[in-house]
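There are 2 protein chains.
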Amino acid sequence: MKLQIALDTLTIEECIMLLDEVKDYVDIIEVGTPFLLEEGNKPVKIFKERYPQLEVLADTKIMDAGEYEAEGAFKAGADIVTVLGVTNDATIEGALKAAKKYNGKVMMDMICVADMAKRTQQMDAMGVDYICCHTAFDIQETGKNPLDELVVINQNITNAKSAVAGGVKLETIDEIVAEGAGVIVVGGAISNAKDRIAMAKAIKEHMK
Amino acid sequence: MKLQIALDTLTIEECIMLLDEVKDYVDIIEVGTPFLLEEGNKPVKIFKERYPQLEVLADTKIMDAGEYEAEGAFKAGADIVTVLGVTNDATIEGALKAAKKYNGKVMMDMICVADMAKRTQQMDAMGVDYICCHTAFDIQETGKNPLDELVVINQNITNAKSAVAGGVKLETIDEIVAEGAGVIVVGGAISNAKDRIAMAKAIKEHMK
């Protein structure tokens, strides 16, 4: 079970300060979508060079031009790219083609997917690496949490691993760990914590 | 009727060479999604400074964190951002809030939207500026073209304007112009043309 730290609103310098603190407790560094839109692939390159022992995920949320966009991220040093579950199968196939070429991985972001069970089965059969249930930031206030969707994903995967994102924090980690997931994504719960090292360590320990 | 040139695969320097050639015939410069993922907001800033008389669209394809991601693009100088039609309404509302603050515009990219008529009505009622039918690059080989969807959008808008993207070229411009659209997006048909100035001029003339 891997811990992925999502980096969205910090500068590159602030991220390095944070990662230097928590690098022993996280497995995957996520360069979040707004961070990519702001800085492009630069943080992907910098983090991969500075933390070669960790995986870097570019949260590209690919919707089209699957092969081209995935290739761009892999070339920059990403180990994992994200593709939206709501997109065309051809786009996912394109990203998988690029992943094969660069020995990278594809994580499906299932945000706004209507039929989670059916789409999970399709994605699993296509050979994606991770299928991630993701409660959108914009609807977290509604109290929706990703656990229900994680259960559905776990019930419908054979080869892919599940992942979970969206407001995950220390208070909710145990039920996720009990359900099981290949990757647990945590953002603000670590980066906004008073003691970030202690929080990353505590979350990681709950995952054992 | 505005002509939007989509820039996806060129470097910033190559884009400037192209834009210097065609700037009198285009109205909107689109910084395409792969370009944003590669370079971040840098080309948005550069193109807005160099071509202040043109609008700049950041093809952010926002799926979450609507206000935050739209604000980032508007701050960098974008006049228009794109949001995916398949996303949560809260994300669209967030982008619209940012647009109001920065006097910017929101274009909905209707790629992979299942019920085009219904979603168009919803988007129109929410107050978006443009609703764009978009044949994904990854499925253009199937022969699908955006005209059928453009008809549906035009039938279901009251306040928003329609836009059309995906493989538009000189040979298909007349039927789009006849149907009517607020914005026509052209990419490779201009950027890959033997004579790019002549092609941009010809397409623009067909739009009169």
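Chains as they are written, first to last, in the working numbering: chain A, 3 to 210; chain B, 3 to 210.
The C-beta atom is built at its ideal place from N, Cα and C for all residues, glycine as well.
Apart from the five residues just before and just after I155 (chain B), which ones in its own chain have a Cβ nearer than 6 Å to its Cβ? T122, I133, C135, S164, listed in sequence order.
What's the call for G184 (chain B), buried or exposed, on a 16-neighbour Cβ count within 10 Å? So G184 (chain B) counts as buried.
Within chain A, partners of D197 (chain B) - CB distance below 9 Å: What D197 (chain B) touches in chain A: nothing, since even the nearest Cβ is about 26 Å away.
Is any beta-carbon of chain A found at less than 8 Å from that of A8 (chain B)? Answer no: the Cβ-Cβ gap between A8 (chain B) and chain A never drops below 8 Å.
Is the separation between the beta-carbon of I199 (chain B) and that of E32 (chain B) shorter than 8 Å? Between I199 (chain B) and E32 (chain B), the gap from beta carbon to beta carbon reaches 8 Å or more.
A80 (chain A), DSSP secondary structure in three states: Coil, per DSSP.
Give the DSSP bridge partners of A60 (chain B), in chain order. Bridge partners of A60 (chain B): B:V33, B:V83.
Cut-off 6 Å between Cβ atoms - residues of its own chain near Y104 (chain A), not counting five sequence neighbours on either side: Once the five neighbours on either side are set aside, the close Cβ partners of Y104 (chain A) are F76.
I need the DSSP call for V179 (chain B), collapsed to helix, strand or coil. Helix at V179 (chain B).
Please name the residue, chosen from A:Q124, A:V28, A:P45, that lies closest to T13 (chain A) on a Cα-to-Cα basis. Of the listed residues, the one whose Cα sits closest to T13 (chain A) is A:P45.
Length-filtered (3 minimum) beta strand (DSSP E) runs lying within the region 114-143 of chain B: Those beta strand (DSSP E) runs which fall completely within the region 114-143 of chain B and span 3+ residues are 132-136.
Strictly under 8 Å for the Cβ-Cβ distance: is T93 (chain B) near chain A by that measure? Under the Cβ criterion of 8 Å, T93 (chain B) is counted among the residues facing chain A.
Going along the region 173-198 of chain A in order, which residues come within less than 8 Å of chain B, judged by CB to CB distance? Against chain B - using a Cβ distance shorter than 8 Å - the region 173-198 of chain A contributes no residues.
Span separating the alpha-carbon of A202 (chain B) from that of Q6 (chain B): If I take the Cα positions, the gap works out to 10 Å.
Kindly say whether G145 (chain B), judged by its beta-carbon, lies nearer than 8 Å to any beta-carbon of chain A. It does not: the Cβ of G145 (chain B) has no partner Cβ on chain A nearer than 8 Å.
What residues in the region 61-83 of chain B bring their beta carbon closer than 9 Å to a beta carbon of chain A? Residues passing the 9 Å Cβ filter: T62, K63, I64, M65, D66, A67, G68, E69, Y70, E71, G74, A75, A78.
Is the CB of P36 (chain B) under 8 Å away from at least one CB in chain E? In the structure shown, chain E cannot be found, because the protein chains are A and B.
CB contact below 8 Å: L39 (chain A) versus chain B: Chain B contact via Cβ: present.
When you compare the CB of F49 (chain B) with every CB in chain A, is at least one pair closer than 8 Å? Not an interface residue.
Under DSSP, the alpha helix (DSSP H) around Q55 (chain B) begins and ends at which residues? First-last for Q55 (chain B): undefined, no H or E at that position.
Do you know whose CA, among A:T137, A:P36, A:L98, lies nearest A230 (chain B)'s CA? Outside the displayed range of chain B (3 to 210) lies residue 230 (chain B), so it cannot be described from this structure.
Give, in chain order, every residue of the region 135-165 of chain A whose Cβ lies closer than 9 Å to some Cβ of chain B. Cβ contacts with chain B: H136, A138, F139, D140, I141, E143, T144.
Taking the straight line between their C-alpha atoms, what separation do you get for V108 (chain B) and A101 (chain B)? If you take the alpha carbons of V108 (chain B) and A101 (chain B), they lie about 7 Å apart.
What would DSSP say about L152 (chain B), mapped onto helix, strand or coil? In this structure, L152 (chain B) counts as helix in the three-state DSSP scheme.
How about I113 (chain B) and T93 (chain B): do their beta carbons lie closer than 8 Å? No, these two residues do not count as a Cβ contact at 8 Å.
Which listed residue (A:T62, A:C17, A:I186) has its alpha carbon closest to that of Y53 (chain A): Among A:T62, A:C17, A:I186, the Cα nearest to that of Y53 (chain A) belongs to A:C17.
What does DSSP give as the partner residue(s) for I7 (chain B) in the beta ladder? As DSSP reads the structure, I7 (chain B) sits in a beta bridge with B:I31, B:V188.
For chain A, is any of its Cβ atoms less than 8 Å away from the one on T89 (chain B)? Answer yes: the Cβ-Cβ gap between T89 (chain B) and chain A drops below 8 Å somewhere.
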